[in-house]
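**Q** Supplied in structure tokens, the structure appears directly below.
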Amino acid sequence: MPETKKRSFFSNKICRFCNDDQSKVFIDFFDVKAMKPLISERGKIVPSRISGNCAKCQRILTRAIKKARNIALLPFAVEH
Amino acid sequence: MRSYQSVLILKPDIDEARVDEAVEKISEFIKSNGGACLKIEKWGKKRLAYRVKKNRFGIYLNIYHTLEAAQVADLENKYKLYDLVIKYMVVKLADDELERALDKENKVIDGEDEEGKDKDKNKDKDKDKDKGEEDS
Numbered sequence: 001m002p003e004t005k006k007r008s009f010f011s012n013k014i015c016r017f018c019n020d021d022q023s024k025v026f027i028d029f030f031d032v033k034a035m036k037p038l039i040s041e042r043g044k045i046v047p048s049r050i051s052g053n054c055a056k057c058q059r060i061l062t063r064a065i066k067k068a069r070n071i072a073l074l075p076f077a078v079e080h
Numbered sequence: 001m002r003s004y005q006s007v008l009i010l011k012p013d014i015d016e017a018r019v020d021e022a023v024e025k026i027s028e029f030i031k032s033n034g035g036a037c038l039k040i041e042k043w044g045k046k047r048l049a050y051r052v053k054k055n056r057f058g059i060y061l062n063i064y065h066t067l068e069a070a071q072v073a074d075l076e077n078k079y080k081l082y083d084l085v086i087k088y089m090v091v092k093l094a095d096d097e098l099e100r101a102l103d104k105e106n107k108v109i110d111g112e113d114e115e116g117k118d119k120d121k122n123k124d125k126d127k128d129k130d131k132g133e134e135d136s
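Below, the structure written as structure tokens:
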């Protein structure tokens with residue numbers, strides 16, 4: 001039983017930026033709406049092993065998030 | 001000649017007339033450095049993710065422009081000296097990125113709803129994942 005549960009946990013690895021026609025992926029650094037679910041409560045970037053993004057898109061996303069942080073669209077760290 | 005994108009944050013306590021004034025002045029900066037403004041967007045007043053020079057809000061401007069590579073430092077210096085600007089960022093744009101940015105206007109209106117739907121789906125997925133973790 002635990003095995004099946006584990007499989008279901010890892011199975012839905014769908015990249016949310018890759019499109020079907022294999023065209024180039026763009027993530028704008030000012031597109032806060034798209035990046036918000038990939039930021040943790042503390043302002044950290046969610047790793048791709050959790051979010052399921054492919055490695056290529058994760059790199060593009062990371063660059064976008066870091067740019068957004070520089071211009072105060074996303075936080076470096078959320079204070080508590 | 002290279003294409004760039006400048007994002008500027010202006011002081012939050014100025015009225016719209018002064019914002020327009022600032023826009024004019026900034027586009028003049030770019031022209032005087034030998035560039036050309038391609039597109040100017042006003043994103044309006046937004047909450048900043050962290051405090052910048054003790055301001056919690058800021059008026060965002062987004063300008064797509066061209067500029068000679070050697071003039072970038074000069075332009076940044078002008079932004080720095082302009083007292084209404086509290087933060088700025090100049091980003092180099094690749095050709096395909098610029099094309100995408102310039103014909104985005106009509107696409108944004110079409111695509112926005114779909115994006116929202118996708119996000120809801122993703123949220124559901126995340127919830128499922130959380131449940132899975134709790135169970136295991």
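Residue numbers (this note's numbering), protein chains in the order written: chain A, 1 to 80; chain B, 1 to 136.
Note that the Cβ used here is the ideal one computed from N, Cα and C, for glycine as well.
Model, not experiment: these values are computed from the prediction.
Roughly how many angstroms separate the alpha carbons of B/D113 and A/F30, rounded to a whole number?
**A** Low local confidence applies: a pLDDT of 41 at B/D113 is under 50, so the model's placement there is unreliable, with the coordinate-based value given in what follows. Using only the alpha carbons, I get a separation of about 18 Å.
**Q** Taking the beta strand (DSSP E) that B/Y4 belongs to, which residues open and close that run?
**A** Segment R2 to L10, the beta strand (DSSP E) holding B/Y4.
**Q** Using alpha carbons as the reference points, say which of B/D96, B/V72, B/I86 and B/Q5 lies closest to B/L38.
**A** Nearest C-alpha to B/L38: B/Q5.
**Q** Just curious, the alpha helix (DSSP H) that B/K80 is in, first and last residue?
**A** First-last of the alpha helix (DSSP H) with B/K80: V72 to L81.
**Q** Using the beta-carbon count (16 or more within 10 Å), is B/L8 buried or exposed?
**A** Label assigned to B/L8: buried.
**Q** If you run the structure through DSSP and keep just helix, strand and coil, what is B/F57?
**A** In this structure, B/F57 counts as strand in the three-state DSSP scheme.
**Q** Could you name each continuous alpha helix (DSSP H) segment of 4 residues or more that falls completely within the region 9-41 of chain A, going from the start of the chain to the end?
**A** List check, alpha helix (DSSP H) in window: 32-35.
**Q** What's the gap between the Cα of B/K25 and the Cα of B/Y82?
**A** Rounded to whole angstroms, B/K25 to B/Y82 spans 10 Å at the Cα level.
**Q** Along the beta strand (DSSP E) that carries B/I86, what are the first and last residues, could you check?
**A** That run of the beta strand (DSSP E) goes V85 to L93.
**Q** Under DSSP, the alpha helix (DSSP H) around A/K67 begins and ends at which residues?
**A** Segment A55 to N70, the alpha helix (DSSP H) holding A/K67.
**Q** Check whether the region 60-76 of chain A and the region 33-50 of chain A touch, using three or more Cβ-Cβ pairs below 8 Å as the test.
**A** Cβ pair count under 8 Å is three or more, so yes.
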